[in-house]
Structures are given as structure tokens and as C-alpha cells.
Amino acid sequence: MRHRVYGKHLGRDIDQRQALFKTLVRSLFLHGTIQTSETKAKAIKGLVDKIINSAKKKNTQDKLVRVILPKLGDRTSGFTSIVRIGPRQGDQTTMVKMSLIGAEVHKK
1 MRHRVYGKHL
11 GRDIDQRQAL
21 FKTLVRSLFL
31 HGTIQTSETK
41 AKAIKGLVDK
51 IINSAKKKNT
61 QDKLVRVILP
71 KLGDRTSGFT
81 SIVRIGPRQG
91 DQTTMVKMSL
101 IGAEVHKK
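In full-length UniProt numbering, the protein residues as written are 1 to 108.
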């Protein structure tokens with residue numbers, strides 16, 4: 001039974017999971033978009049919303065406040081979009097492109 005089990009474990013212990021989430025969120029804020037598995041994208045979506053909402057209270061880092069917040073307007077949630085891009089070739093995992101709403105995509 002799944003009583004009192006919260007969130008996705010992703011086959012990792014708590015330290016590895018927190019490091020993964022931190023890296024994914026940092027990449028999303030730096031680049032505006034990331035390509036990852038659908039499960040990982042859904043796992044960090046709530047975390048990204050929570051960070052942006054706390055940034056609106058003016059207590060977070062400089063780039064988030066100066067660059068990203070003005071583009072989001074009066075939104076209270078739904079700051080990210082997740083678009084499926086097909087299965088990964090090696091193991092057929094569903095891959096998605098997660099991006100911030102209103103963020104500019106930097107091409108390499």
C-alpha cells in the first residue's frame with residue numbers, strides 16, 4: 001500500500017534526488033528550456049512554481065528577479081510548459097522539452 005508516500009523517488013536516495021532536482025532547476029533558469037524525461041519534468045514542475053512564487057516576494061537571486069519575473073506577468077502558477085518530443089532511442093523513455101513560459105530560448 002502507498003500510504004503516506006509523497007512525490008517521485010526516481011530510483012534514488014534523498015541526497016541524489018535533491019542534487020538532481022537542483023541541477024535540473026538551475027539549468028531551466030539559466031537556459032530557459034531543458035530536455036529531460038517526462039517523469040523528471042513532472043517531478044520538478046511544482047518546485048519551479050514554488051521558487052518563482054517566492055521570487056515574487058523579493059527574496060531570491062538577482063537573475064530570477066531582474067530577467068525572468070517581468071516576463072511572467074501576473075501569473076500565480078503554470079510557469080512551465082512541457083511538450084513531448086518522442087521516445088529516447090536507447091530505452092524508449094518518453095522525452096519532453098520543459099520550458100519557462102515567456103522565456104527566450106538560446107540556440108547553440
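Positions of the beta carbon are idealized from the N, C-alpha and C atoms, including for glycine. A quick note: this is a predicted structure, and the numbers were derived from the prediction, not measured.
Own chain partners of residue i with C-beta closer than 6 Å, once the 5 adjacent residues on each side are dropped
i, result
"glutamate 38", "Thr94 and Val96"
"serine 77", "Asp49"
"lysine 70", "According to the sequence provided, residue 70 is proline. The question's lysine does not apply to it. The answer is none, since no qualifying residue turns up."
"arginine 88", "Met95"
Outcome for residue i when other beta-carbon atoms lying within 10 angstroms are tallied against a minimum of 16
i, result
"threonine 36", "buried"
"isoleucine 14", "exposed"
"isoleucine 34", "buried"
Close-in-space but distant-in-sequence residues of the same chain around residue i (CB under 7 Å, 5 per side omitted)
i, result
"leucine 100", "Leu28, Gly32, Ile68, Phe79 and Thr80"
Proximity of residue i and residue j at Cβ, strictly below 8 Å
i, j, result
"arginine 12", "leucine 20", "yes"
"lysine 8", "alanine 43", "yes"
"isoleucine 52", "leucine 72", "yes"
"alanine 41", "methionine 98", "yes"
Cα-Cα separation, residue i to residue j
i, j, result
"glutamate 45", "threonine 23", "It is lysine, not glutamate, that sits at residue 45 in the sequence shown. Spanning the two alpha carbons is a distance of roughly 13 Å."
"glutamine 16", "arginine 84", "25 Å"
"glycine 90", "valine 5", "30 Å"
"glycine 86", "arginine 66", "34 Å"
"glycine 102", "histidine 3", "38 Å"
"leucine 47", "aspartate 74", "19 Å"
"glutamine 92", "leucine 10", "16 Å"
Cutoff 8 Å; reference residue i; Cβ partners in own chain excluding five residues on either side
i, result
"lysine 57", "none"
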